[in-house]
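What follows is a single structure, written as structure tokens, with notes after it.
In structure tokens, the structure reads:
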């Protein structure tokens, strides 16, 4: 990257008058793109299906 003067003062950093212009970025360890649960399971009510089988449900501490 390149260091350049910031167009205005940056209040949330220790260096308030410079910024880094990123030219290339490498991802070393990407996060898993999927959730550990399905949104449909989290939204489903705690009731059985027509065949008497209880559908998967997600407890409040997982949500």
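Residue numbers (UniProt numbering): 1 to 63.
Note that beta-carbon positions come from the ideal geometry of N, C-alpha and C, so glycine has one too.
Query                                                                                                             : Result
Under 9 Å between C-beta atoms of residue 10 and residue 2                                                        : no
Residue 11, DSSP secondary structure in three states                                                              : coil
C-alpha distance - residue 12 paired with residue 24, whole-angstrom precision                                    : 23 Å
Simplified DSSP state of residue 40, which is helix, strand or coil                                               : helix
Outcome for residue 63 when other beta-carbon atoms lying within 10 angstroms are tallied against a minimum of 16 : Unreliable placement is indicated for residue 63, whose pLDDT of 49 sits below 50; no coordinate value is reported for it.
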